[in-house]
Amino acid sequence: MGYRVGEKRLYRNQRLKLLQWVFEQELPLVEDQAYMAEWGNPAEPKRLEKMAKTIAAFIRSAKRRQSANMRQAIADWEADLAWLKQHYYVSMSWQWPAT
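Last residue of the sequence shown? That's 135 in the numbering used here, and every number before it is there in order.
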């Protein structure tokens, strides 16, 4: 999809447009149908949950890495995760992921 953070990151507005597209549109086939089913349908809670949990997992993993400078990537992911929550997460039946 081209989503990049950290030193070679996209500009924030580019990342947010890409996240918006991923949430709202049909996704191209990646892997197989079972993997695609994990992402659910466009603009539905399952899609947002998959996106949020994936980004949160990236953040947690980066925070555990001691050898790499991940500060910028973590800051980008945290900002993008906050944006997703602010724009799409409204009374969902699942808990927003911790980082």
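Here a beta-carbon is modelled for each residue, glycine too, at the ideal position from N, C-alpha and C.
Does the Cβ of residue i have 16 or more other Cβ atoms within 10 Å, making it buried, or fewer, making it exposed?
{"i": "Trp-113", "result": "buried"}
{"i": "Val-66", "result": "exposed"}
{"i": "Ala-109", "result": "buried"}
{"i": "Arg-107", "result": "exposed"}
{"i": "Arg-83", "result": "buried"}
Find out if the Cβ-Cβ distance for the pair residue i, residue j is shorter than 7 Å.
{"i": "Met-13", "j": "Pro-78", "result": "Outside the shown range of the chain (37 to 135) lies residue 13, about which nothing can therefore be said."}
{"i": "Glu-85", "j": "Trp-130", "result": "yes"}
{"i": "Ala-73", "j": "Thr-135", "result": "no"}
Can you find the residues in the same chain that come closer than 8 Å, C-beta to C-beta, to residue i, ignoring five residues on each side of it along the sequence?
{"i": "Ala-88", "result": "Leu-117, Leu-120, Lys-121, Tyr-125, Trp-132 and Pro-133"}
{"i": "Leu-46", "result": "Gly-38, Tyr-39, Arg-40 and Leu-54"}
{"i": "Gly-42", "result": "Met-106, Gln-108, Ala-109 and Asp-112"}
If residue i sits next to residue j, beta carbons under 8 Å apart, how far is it from one beta carbon to the other, in whole angstroms?
{"i": "Tyr-33", "j": "Leu-52", "result": "Absent from the model: residue 33. The displayed extent of the chain is 37 to 135, so no value can be given."}
{"i": "Arg-48", "j": "Ala-115", "result": "7 Å"}
Spatial neighbours of residue i within its chain, please: CB distance less than 6 Å, with the 5 preceding and 5 following residues excluded, ordered by chain position.
{"i": "Ala-70", "result": "none"}
Leaving aside the five residues before and after residue i along the sequence, list all residues of the same chain whose C-beta is less than 7 Å from its C-beta, in chain order.
{"i": "Gly-76", "result": "Lys-82, Arg-83 and Lys-86"}
{"i": "Gln-61", "result": "Pro-78"}
{"i": "Phe-94", "result": "Trp-113"}
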